[in-house]
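Asks:
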Amino acid sequence: MSFIEELEQRAETIKQGGKDKYHEANTKKGKLFVRKRLELLFDRDMEIEDAFFANCMAGDLPSDGVVTGIGKINGQNVCVMANDSTVKAGSWGKRTVEKILRIQETALKLEIPIIYLVDSAGARITDQIEMFPGRRGAGRIFHNQIKLSGRVPQICLLFGPSAAGGAYIPAFCDIVVMVEGNASMYLGSPRMAEKVIGEKVTLEEMGGARMHCTISGVGDVLVKTEEEAITYARKYLNYFPANFRYNPPVTDPLDVKASEKTIAEIVPENQNAAFNMLDLIDQVIDEGSLVEVKKEFAKELITGLARINGRSVGIIANQPRVKGGVLFTDSADKAAKFIQLCNAFNIPLLFLTDVPGFMIGTKVEREGIIRHGAKMLSSMSEATVPKISVIVRKAYGAGLYAMAGPAFEPDSVIAFPNAQIAVMGPEAAVNAVHANKIAQLSEEERSAFIQEKQDAYREEIDIYRLASEMVIDDIIHPDRLREELIKRYEIYEDKNLTFTERKHGVYPV
Amino acid sequence: MEKIVASMAGNVWKIVKNEGDAVSSGEDVVILESMKMEIPISAEGDGIVKELKVAEGDFVNEGDEIAIIE
């Protein structure tokens with residue numbers, strides 16, 4: 002056999018991955034082969050691959066169970082690490098870990114995004130001394146991720162298990178996309194849970210994709226197939242620059258989605274009636290440009306990337322359709338991370354405010370709503386990207402503050418004509434101030450008294466009074482919102498400031 | 017069979033669908049009142065309201081059963 006033939010033969014064997022039976026098992030679960038995933042992910046497959054021959058002397062560990070390299074997504078170079086679950090279930094040996102570290106360090110050096118295609122059983126216990134504890138051990142993968150965070154976009158596409166320590170790869174990414182039925186994250190498997198703590202639970206219940214995307218919030222995007230996950234990642238990256246030094250790319254503007262209703266018609270006059278905030282968003286953004294993050298989690302707050310006149314914008318919007326749009330621990334948490342994501346990569350923020358406040362009661366106090374709310378305020382306050390707050394209807398209590406209220410240096414606060422800004426709504430305020438008096442009144446007198454006081458209160462918090470006091474910067478016709486935002490974002494675009502001088506804040510986590 | 021539960025603590029303000037009524041996915045079954053807001057509680061799938069577990073004016077906690085859809 003010539004040198005050339007040997008090279009070709011070796012390369013061909015490695016490209017096949019693990020044994021046929023593992024490929025067949027994966028196909029049955031709807032899982033694609035790692036090289037097929039990469040072909041779909043990149044514009045035209047991987048451009049370069051490094052350490053293809055890693056551990057080739059072992060014979061049965063092609064590429065040591067992980068593919069690393071660089072390819073183009075929408076023309077942008079992107080680093081990738083992709084587990085091969087046909088090779089020892091995608092487990093990590095010494096060279097697997099070294100390959101992951103090197104591609105991360107390449108992303109750091111070139112300042113380009115990195116995507117982790119995770120499908121791995123975790124550490125190879127037999128190799129633990131070589132791959133677990135040391136300076137170039139698996140712990141360094143997370144150290145590198147933390148260093149990369151905010152510098153370049155990091156995405157995790159979770160196609161299979163991500164177990165024990167490995168579960169921290171998704172945790173340190175900007176966003177985690179999970180394929181329902183196959184993806185899972187857990188520190189200890191159900192088998193281990195049964196042995197150690199006596200809990201009987203299924204993998205789906207404990208660490209499945211649906212659980213993580215709806216309850217724990219560790220997952221961000223729930224998809225049905227791997228193709229869908231890859232399509233999401235490609236679209237998502239479109240909104241981001243290669244790294245924190247640049248502004249996001251601008252695309253051709255599109256019109257808003259055609260609708261029978263204008264914004265003025267979408268928003269009900271009655272402050273307490275529900276409506277779907279997504280209908281309003283549709284009338285502000287370029288058609289079809291909304292990419293929601295954590296769509297299935299804490300639905301009382303919408304967070305998503307979109308485009309307005311071709312420019313990236315991060316939307317944080319109360320959803321009156323769910324839980325009245327009240328802020329809870331999870332929604333505050335969801336907002337905090339999303340705001341950080343946008344601020345890190347120079348994506349302007351748009352707050353669409355219609356919030357009755359933060360939830361009250363024993364349950365949320367025990368969950369630490371003050372601490373979680375503080376996270377949201379802290380991230381929002383520190384965000385130095387262009388920041389506009391639109392008071393759609395009501396902004397009560399700390400809800401006003403959390404949604405980039407006037408005190409938090411938004412570039413502007415603009416309100417619709419029926420907006421209300423107050424410590425609390427008229428009903429609650431009248432109850433709070435006149436509780437004793439109301440209790441003394443007879444049935445007949447009561448409702449008239451309450452009505453009179455509520456009307457007086459409404460007058461007191463009238464939006465023109467707030468405009469007169471210059472609390473807000475403008476009151477606009479709701480149907481002019483998009484036009485107004487286009488102009489304002491263009492003007493604020495070159496804003497460049499440092500929040501404050503220090504090493505870093507002591508974050509309320 | 018689908019159990020509809022309260023998404024947050026509040027009072028049952030209005031029953032929109034009664035026992036025996038047909039509902040489709042996303043349609044409101046009852047509306048709660050909480051934090052001075054109307055909180056619609058909707059069905060996740062199509063079906064018939066088999067049982068209503070609440071009446072107007074009742075207080076419900078987060079997670080309490082509201083209706084059973086079949």
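In the order they appear, the protein sequences are chains A and B.
Position 109 (the first sequence) corresponds to 110 in this note's numbering; numbering is contiguous.
Position 6 (the second sequence) corresponds to 22 in this note's numbering; numbering is contiguous.
Beta carbons are placed, not taken as given, at the ideal position from N, Cα and C, and that holds for glycine.
Keep in mind the model is a prediction, meaning the values are calculated, not measured.
DSSP three-state call for residue 27 of chain A: helix, strand or coil?
Replies: In the first sequence, the residue the question calls residue 27 of chain A occupies position 26. Three-state result, residue 27 of chain A: helix.
Asks: At what residues does the alpha helix (DSSP H) containing residue 386 of chain A begin and finish?
Replies: One-based indexing of the first sequence puts residue 386 of chain A at position 385. Residue 386 of chain A -> no alpha helix (DSSP H), and no H or E assigned at all.
Asks: Spatial neighbours of residue 201 of chain A within its chain, please: CB distance less than 7 angstroms, with the 5 preceding and 5 following residues excluded, ordered by chain position.
Replies: Along the first sequence, one-based indexing puts residue 201 of chain A at 200. The answer, listed in chain order, is 195.
Asks: Do residue 459 of chain A and residue 427 of chain A have their beta-carbon atoms positioned less than 8 angstroms apart in this structure?
Replies: Against the first sequence, residue 427 of chain A aligns to sequence position 426. Against the first sequence, residue 459 of chain A aligns to sequence position 458. Yes.
Asks: I want to know whether the region 18 to 35 of chain B touches the region 47 to 62 of chain B - three or more CB-CB distances under 8 angstroms.
Replies: yes
Asks: Got a sec? Which residues, its chain only, sit under 8 angstroms from residue 173 of chain A by beta carbon, not counting five neighbours each side?
Replies: Along the first sequence, read from residue 1 onward, the residue named residue 173 of chain A stands at position 172. Cβ neighbours of residue 173 of chain A beyond the five flanking positions: 143, 146, 147, 150 and 155.
Asks: Output yes or no for whether 8 angstroms exceeds the beta carbon distance between residue 163 of chain A and residue 121 of chain A.
Replies: Along the first sequence, read from residue 1 onward, the residue named residue 163 of chain A stands at position 162. Along the first sequence, read from residue 1 onward, the residue named residue 121 of chain A stands at position 120. For residue 163 of chain A and residue 121 of chain A, yes; Cβs fall inside 8 angstroms.
Asks: Skipping 5 residues on each side, what residues in its chain have a beta carbon closer than 7 angstroms to that of residue 339 of chain A?
Replies: On the first sequence, residue 339 of chain A is found 338 positions in, with the first residue counted as 1. Only 294, 304, 315 and 317 meet the Cβ criterion.
Asks: Would you mind telling me which residues of chain D sit closer than 8 angstroms to residue 25 of chain B, beta carbon to beta carbon, in chain order?
Replies: This model lacks chain D altogether; the protein chains it does include are A and B.
Asks: Would the beta-carbon of residue 100 of chain A fall within 8 angstroms of that of residue 65 of chain A?
Replies: Position 99 of the first sequence, counted from the start, is the residue given in the question as residue 100 of chain A. Position 64 of the first sequence, counted from the start, is the residue given in the question as residue 65 of chain A. Cβ atoms of residue 100 of chain A and residue 65 of chain A: closer than 8 angstroms.
Asks: Under 8 angstroms by Cβ, that's how I've got residue 34 of chain A and residue 60 of chain A pegged, so tell me the actual separation to the nearest angstrom.
Replies: Against the first sequence, residue 34 of chain A aligns to sequence position 33. Against the first sequence, residue 60 of chain A aligns to sequence position 59. Wrong, their Cβ atoms sit about 20 angstroms apart, outside the cutoff.
Asks: CA-CA distance, residue 37 of chain A and residue 92 of chain A?
Replies: In the first sequence, residue 37 of chain A corresponds to position 36, counting from 1. In the first sequence, residue 92 of chain A corresponds to position 91, counting from 1. Cα to Cα, residue 37 of chain A sits roughly 19 angstroms from residue 92 of chain A.
Asks: From which residue to which residue does the alpha helix (DSSP H) around residue 12 of chain A run?
Replies: Start at 1 with the first residue of the first sequence, and residue 12 of chain A comes out as number 11. Counting along the chain, the alpha helix (DSSP H) containing residue 12 of chain A begins and ends at 4 to 16.
Asks: So what does DSSP say about residue 263 of chain A, is it helix, strand or coil?
Replies: Position 262 of the first sequence, counted from the first residue, corresponds to residue 263 of chain A. Note: residue 263 of chain A maps to coil in three-state DSSP.
Asks: Counting along the chain, where does the alpha helix (DSSP H) carrying residue 79 of chain A start and finish?
Replies: In the first sequence, the residue the question calls residue 79 of chain A occupies position 78. No alpha helix (DSSP H) holds residue 79 of chain A; the beta strand (DSSP E) holding it covers 77 to 84.
Asks: Just checking my contact of residue 233 of chain A with residue 178 of chain A at CB under 8 angstroms: how many whole Å lie between their CB atoms?
Replies: Taking the first sequence and counting its residues from 1, the one referred to as residue 233 of chain A is at position 232. Taking the first sequence and counting its residues from 1, the one referred to as residue 178 of chain A is at position 177. Cβ atoms of residue 233 of chain A and residue 178 of chain A come within 8 angstroms of each other, at about 6 angstroms.
Asks: Have a look at residue 260 of chain A and residue 289 of chain A and give me their C-alpha separation to the nearest angstrom.
Replies: Sequence index remark: in the first sequence, residue 260 of chain A carries index 259 (1-based). Sequence index remark: in the first sequence, residue 289 of chain A carries index 288 (1-based). So the alpha carbons of these two residues sit roughly 13 angstroms apart.
Asks: Would you mind sorting residue 481 of chain A into buried or exposed? The rule is 16 or more other CB atoms within 10 Å of its CB.
Replies: As a working note, residue 481 of chain A is residue 480 in the first sequence. With fewer than 16 other Cβ atoms inside 10 Å of its own Cβ, residue 481 of chain A counts as exposed.
Asks: If you draw a straight line from the C-alpha of residue 376 of chain A to the C-alpha of residue 509 of chain A, how long is it?
Replies: As a working note, residue 376 of chain A is residue 375 in the first sequence. As a working note, residue 509 of chain A is residue 508 in the first sequence. Those two C-alpha atoms are separated by around 6 angstroms.
Asks: Nearest to residue 81 of chain A by CA position, among A:26, A:490, A:70 and A:96, is which residue?
Replies: Here residue 81 of chain A is taken as the residue at index 80 of the first sequence, counted from 1. Looking at the Cα atoms, A:70 is the closest of the given residues.
Asks: Straight-line CA distance for residue 372 of chain A to residue 327 of chain A?
Replies: Within the first sequence, the letter at position 371 stands for residue 372 of chain A. Within the first sequence, the letter at position 326 stands for residue 327 of chain A. Cα to Cα, the separation comes out at about 16 angstroms.
Asks: Taking the continuous beta strand (DSSP E) assigned at residue 427 of chain A, which residues delimit it?
Replies: For the purposes of this step, residue 427 of chain A is taken as residue 426 along the first sequence, with counting starting at 1. Counting along the chain, residue 427 of chain A falls outside any beta strand (DSSP E), though it belongs to the alpha helix (DSSP H) covering 427 to 441.
Asks: Find the residues of chain A that neighbour residue 50 of chain B, judging by a C-beta separation of less than 7 angstroms, and give them in chain order.
Replies: As a first step, residue 50 of chain B is located in the second sequence; it is residue number 34 there, counting from the start. By Cβ distance, chain A contributes 325.
Asks: Return yes when the Cβ of residue 308 of chain A is within less than 8 angstroms of the Cβ of residue 286 of chain A, no when it is not.
Replies: Counted from its first residue, the first sequence places residue 286 of chain A at position 285. Counted from its first residue, the first sequence places residue 308 of chain A at position 307. Their beta carbons are under 8 angstroms apart, which means residue 286 of chain A touches residue 308 of chain A by this criterion.
Asks: Using a C-beta to C-beta distance shorter than 9 angstroms, which residues of chain B count as neighbours of residue 428 of chain A?
Replies: As a working note, residue 428 of chain A is residue 427 in the first sequence. Near residue 428 of chain A (Cβ distances below 9 angstroms), the residues of chain B are 52.
Asks: What do you reckon, is the C-beta of residue 250 of chain A under 7 angstroms from a heavy atom of the ligand MN?
Replies: Summarising the ligand content, the structure contains no ligands, and the ligand MN is consequently not present.
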